Every structure is written in C-alpha cells, then in structure tokens.
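J.:
So, in structure tokens, the structure goes:
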C-alpha cells in the first residue's frame, strides 16, 4: 500500500439486519478503501453473505447507514445499486443458463446500452455501432479470463469452475467500481483456485477495481486481501490487515484455531 | 380394406379432384394459423420474461374485445375506443406487476402459474360485472377494416377471400415480425431472456424486473387486442373466445414455449392441419373435428419431440 491516505469508497455503519426474530447482522461497521481487496471472513452463518446482500440491495437492514462515494445511500433496489457501479457474483452461481457465455457476458453491458430501441430494432446507425463496440469489450474480457474456447457454449452445460469464471466475466463487463465476490473459489480444485486468485489480483491491479470478497480458504485470503473483516454470529470480531487478524486471539478462538 | 381406403386414399383423391376447394382450405387454414401464431406469441412473450405459462392470456383477449365493443356501444368513436382499451391494458399490466408479480420475485414457476389462474377468474368476474356477458358482434367494419369478399377464379373453380381475413393475415404477420425483432435484437429483448432465466442475476446486472414485467404484460395486452378484434370478427365477441385462446397451448407445444419462430410454425401447422383435417377427414367422424384436432397434433409432438420444434433443450446438471 502506498503512503497516501486511502480514500474510503464505501462505509457501512452500525448495520442491523433481522429476519423476523433471527438476528443476522448486529451493529456491524467497516469501510472499503478505493482500490483495495477487502476480504470478509467468518464461520458459516456469520452473516457474510447477508452483509454482501445488504451492500448489493437484496436485503434492507432495519438499522444502519451505507455510505458510498462520500454520500449516504438511500434504500435502493438491487438494479438501482447496479447502476451506481456495483457488480457482484453469487455463492450459488446465478448465470443465465439458457444463454451462451458471450450472451451472458453481454448482459453485463445492459446498462451501458442506451441507444433508441427503434434503432436497435432496425439494426441500423448508432445502435449497430454501439452493439459492435460493446461486443468488442466483452470479447476482451473473455480473452482476459481465458474462456475463449467456451464463448458459444450454453453455460448450463459447463463445469462448475468455468461457470464461476463466466459469472466473473459478466460482472467485469459492467466495468464496476466495486466488485463483490461471494465465495469465488468455493468448490474449486487447487489449480482452479490459483487461476481465480490470479484473475482477482489482475482485475484489481490492471483495472483498478475495488474488490470485496467472501472466502473460506484462509490461505487464499491471507495471500490476496489488503484488509480483512471477521464476522462471527452476525457481529464484528476483528478488522485489520491479514497479519493483525491472524494474531487476534478472538479470531483464533472463533475461527482459525478451532481444531476440526 | 374399405376403411383404409377411406382414411388413406379417398381424401387425397378428393384433394386432387377439386383443387379449388383444397386451396380454399389452405387459405382459411393459413389465416387461422397466423392468428393462432399471434395468440401464441402473447404467451411466448410472458413465458420468456418470467418463465411462466400465462393462463390468463386467452381471457385478456376476451377482455380486450369486450371492452372495445362496450366502449363503442357507449357512443365513443371506434378509434378512441381502441385507445381506451390500450390504456386499460396498460393499467392492467401495471396492476398485475404491482399486486401480483412484485410479491412473487424469486418464487417457483408453479406459484406464478397458479397466480395467473387466479387472475383469470378475477378478470372473468370483473369483465362480466362491468361489461356484461351478452355476446355482441365485433366493430371491425366501424374501425375501417374492409368487409365482404372477393371471388377469384382458380383451378377451374373459384376461391373466396374474405376481406377481413386478408387484413387479419397481413396485420398479424406485421405484428409478429415486429415482435420477433423486438425479442431478438433489442436491449429489452435480451433483458427479457435474462429475467426469465434468473431473477437474482438479472437484478445484479441492473435489469429492473418491474419495468420488464410491465412492458411484457402491456405488449401481451396489445397482442390480445389485435387477436380479439380478428377472432371477434370471425365469430362473435363472448367469453367463448377463451376456448380459441387456449388453442395457443397446442401451438406452443409444437413450437416450443420460448421460441418466436416456433410460435409461427406451430400456429401455421395447427391452422392448416385442423382446417384440412376438418374438410377431408372430418365427415367420416361426424364433422366438427376442428375443436379437438389441434390437441391430437400436440399430443403426437409431446410423445416424439417434447421440447417442441424450436424449444430450448433443457440442460440439467445432476
């Protein structure tokens, strides 16, 4: 990290989220710096995915504030959040299974396509130029993620690891400012994990995309993340660099040090 | 032997003997086919955008036709009546989204399907309450569609072309063409497919489900109105039109639920098939086979090609 004071991109303040009587998140606050890789870790049921869903607009917390780009964000629907430049992937892959890889990635450009629908129907003039330009960008992303060979394959028939990669490609096609990854490496073998780690780092370094990710594999988190938030039973347990978190006694007790 | 001759040989001899009658059958079947295709597209539209078989599509057609006639009978100019029906269809689309679909995001397809059955009965009840259930005749002549028929000498005989049928075939084809392009080439079309596939993922790339749903239900309403005008002109405007509307189901089984070309081919197969069968094979079964023959064709398809001619092959990973 460089010496300049980091710019805060997103800040969640005192988030409380309940489902009926079940408390999912309790008074959690943390921030995400611009350009960093921020990891959210914790045991199962700690509220990690819920936290991502709050940021993404799928859940609306009963209490708490979300600040994005220096402004307090009003309660938003997920599609509105997407418009503010936040993209995400899902723990249980959410792809358009009937579509091919390239079609899936193209849906990521949906928000950027603004030409008149009548031009689009006529396939003429500005609309065709726009389509070509977006298509080009998508092909670049597909190249970058090395999924060229499956461009025309319906994604429903792809192996799990590749589906995860297509999902990442779709999120990248949105050219987000903030990328949320929910367990991007779950269920992958060692080789696939290494590939995915490499892609995440490259996205972060080359595109300057800020990334918040949930991950179970501690070795991966310690390697990738600039800073780590640890949640347990919906509460914030620790927040700091991987080193700090690793040596935090509460974290060791709750998560890292528990023998299986 | 006698019966085999009756089924497999005699009808074809009849076709060859009176080519003008055969051509008449083809033309009538073709017109019916384009109208079936249009109806089926109404279903495809909503199926593509929400993965739901919209059971209420036929009643939408009845509602549009009934409302149009009723507005006219109140003394309103026919074209203003059309505009009023369009406004009504938009309000309905908006209401369906607000009151039903919005609350069922991420629910199973069956639950959405059940909700459209419920909607059907709500519409039947309210349409009877507001517009009454007395059959009336369509106002196509008042709307400026030509009436009457022309006779064309052909194959040593004559073929009759009802003018309203020509308008129906032309207008339905144009509308089908526009819808086909709308589906495949526009951003909204891509959004539709995305929404049908996965609600969460669609939201995450910035597609507003609510907006898409209002659009498709409104377009389905427009399709219902056009279908209602021409089916109403061919019979009369009553709740019995629903039965015709449901013929779109065999059309979809043949064509595949998500395919626009499928709806067109399926519509033509049903339209031509039932007309020709009615003329040449109907008499030996006592006539009126038109009502059920479509379902026989659909059954055959279900046995041999259950995903339809153009349907998406469903890929399930186990």
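Protein chains in written order, with the numbering used here: chain A, 1 to 260; chain B, 261 to 578. Ideal Cβ placement from N, Cα and C applies to all residues, glycine included. Source: prediction; values computed, not measured.
Based on the DSSP secondary-structure assignment, which residues constitute the bridge partners of residue 71 of chain A?
T.: Taking the first residue of the first chain as position 1, residue 71 of chain A is located at position 71. According to DSSP, residue 71 of chain A bridges with A:68.
J.: Nearest to residue 219 of chain A by CA position, among A:107, A:29 and A:41, is which residue?
T.: Working through the first chain from its first residue, we reach residue 219 of chain A at position 219. It is A:41.
J.: Comparing alpha-carbon positions, which option in A:253, A:234, A:254 and A:225 lies nearest residue 240 of chain A?
T.: Taking the first chain and counting its residues from 1, one reaches residue 240 of chain A at position 240. In terms of CA proximity to residue 240 of chain A, A:225 leads the group A:253, A:234, A:254 and A:225.
J.: For a cutoff of 8 Å on Cβ pairs, would you count residue 19 of chain A as touching chain B?
T.: Taking the first residue of the first chain as position 1, residue 19 of chain A is located at position 19. Chain B contact via Cβ: absent.
J.: Could you name the residues of the region 448-467 of chain B whose beta carbon sits closer than 9 Å to any beta carbon of chain A, in the order they occur along the chain?
T.: 448, 449, 450, 451, 453, 454, 456, 457, 458, 459, 460, 461, 462, 463, 464, 465, 466 and 467
J.: Tell me whether the region 302-317 of chain B and the region 502-509 of chain B touch, counting them as touching only if at least three CB pairs, one residue from each stretch, are closer than 8 Å.
T.: yes
J.: Answer yes or no: do residue 383 of chain B and residue 323 of chain B have a C-beta to C-beta separation smaller than 8 Å?
T.: Numbered from 1 along the second chain, position 123 holds the residue referred to as residue 383 of chain B. Numbered from 1 along the second chain, position 63 holds the residue referred to as residue 323 of chain B. Yes, they are a contact pair.
J.: Taking residue 375 of chain B as part of the alpha helix (DSSP H), name the residues at either end of that continuous run.
T.: By one-based count along the second chain, residue 375 of chain B stands at place 115. Where residue 375 of chain B is concerned, the enclosing alpha helix (DSSP H) stretches over 369-391.
J.: State the DSSP-derived secondary structure class of residue 151 of chain A, mapped to helix, strand or coil.
T.: For the purposes of this step, residue 151 of chain A is taken as residue 151 along the first chain, with counting starting at 1. The answer is coil: DSSP assigns residue 151 of chain A none of H, G, I, E or B.
J.: So, under 8 Å CB-CB, residue 570 of chain B and residue 527 of chain B are touching, yes? Tell me the CB distance rounded to an integer number of Å.
T.: Within the second chain, numbered from 1, the residue matching residue 570 of chain B stands at position 310. Within the second chain, numbered from 1, the residue matching residue 527 of chain B stands at position 267. Incorrect: roughly 12 Å between the Cβ atoms, too far for contact.
J.: Just to confirm the assignment, what range does the alpha helix (DSSP H) spanning residue 107 of chain A have?
T.: For this step, residue 107 of chain A is matched to residue 107 along the first chain. 101-107 is the span of the alpha helix (DSSP H), which, as asked, contains residue 107 of chain A.
J.: Whose CA, out of B:540, B:283, B:444 and B:389, lies closest to the CA of residue 268 of chain B?
T.: Here residue 268 of chain B corresponds to residue number 8 of the second chain, with the count starting at 1. The residue with the shortest Cα to Cα distance from residue 268 of chain B is B:540.
J.: Using DSSP with H/G/I as helix, E/B as strand and the rest coil, what is residue 175 of chain A?
T.: Looking up residue 175 of chain A in the first chain gives position 175. It is coil, neither helix nor strand.
J.: If I measure Cβ to Cβ from residue 478 of chain B and keep anything under 7 Å in the same chain, skipping five residues before and after, which residues do I get?
T.: Within the second chain, the letter at position 218 stands for residue 478 of chain B. Taken in chain order, the residues that qualify are 349, 350 and 353.
J.: Going by DSSP in three states, residue 52 of chain A sits in which element: helix, strand or coil?
T.: Residue 52 of chain A sits at position 52 when you count from the first residue of the first chain. Here residue 52 of chain A sits in helix by DSSP.
J.: Should residue 35 of chain A be flagged as near chain B, meaning a C-beta pair shorter than 8 Å?
T.: Working through the first chain from its first residue, we reach residue 35 of chain A at position 35. Interface residue (Cβ-Cβ distance to chain B less than 8 Å): residue 35 of chain A is not classified as such.
J.: Starting from residue 186 of chain A, find everything on chain C with Cβ-Cβ shorter than 7 Å and list it in chain order.
T.: Protein chains A and B are contained in the structure displayed, whereas chain C is not.
J.: Whole beta strand (DSSP E) runs in the region 488-522 of chain B with 3 or more residues, listed along the chain?
T.: As far as the region 488-522 of chain B is concerned, it has no whole beta strand (DSSP E) run of at least 3 residues.
J.: Please look up how many angstroms separate the CB atoms of residue 169 of chain A and residue 147 of chain A, rounded, as I've assumed it's under 8 Å.
T.: On the first chain, position 169 is the one that residue 169 of chain A refers to. On the first chain, position 147 is the one that residue 147 of chain A refers to. Confirmed, Cβ separation roughly 6 Å.
J.: Which runs of the alpha helix (DSSP H) fall wholly inside the region 161-230 of chain A and span at least 4 residues, in chain order?
T.: 190-206 and 218-224
J.: What does DSSP give as the partner residues of residue 419 of chain B in its beta bridges?
T.: As a first step, residue 419 of chain B is located in the second chain; it is residue number 159 there, counting from the start. DSSP lists B:412 as partners of residue 419 of chain B.
J.: Would residue 8 of chain A pass as a contact of residue 33 of chain A if the rule is Cβ separation under 8 Å?
T.: Start at 1 with the first residue of the first chain, and residue 8 of chain A comes out as number 8. Start at 1 with the first residue of the first chain, and residue 33 of chain A comes out as number 33. Going by C-beta atoms, residue 8 of chain A is nearer than 8 Å to residue 33 of chain A.
J.: Can you say whether residue 491 of chain B is buried or exposed, counting buried as having 16 or more other CB atoms within 10 angstroms of its CB?
T.: Here residue 491 of chain B corresponds to residue number 231 of the second chain, with the count starting at 1. By the 10 Å Cβ count, residue 491 of chain B comes out buried.
J.: Residue 497 of chain B to residue 301 of chain B, Cα distance in whole Å?
T.: The residue given as residue 497 of chain B occupies position 237 in the second chain. The residue given as residue 301 of chain B occupies position 41 in the second chain. So the two alpha carbons sit approximately 21 Å from each other.
J.: Look up residue 87 of chain A in the DSSP assignment and give the residues it is bridged to.
T.: For this step, residue 87 of chain A is matched to residue 87 along the first chain. Residue 87 of chain A pairs with A:179.
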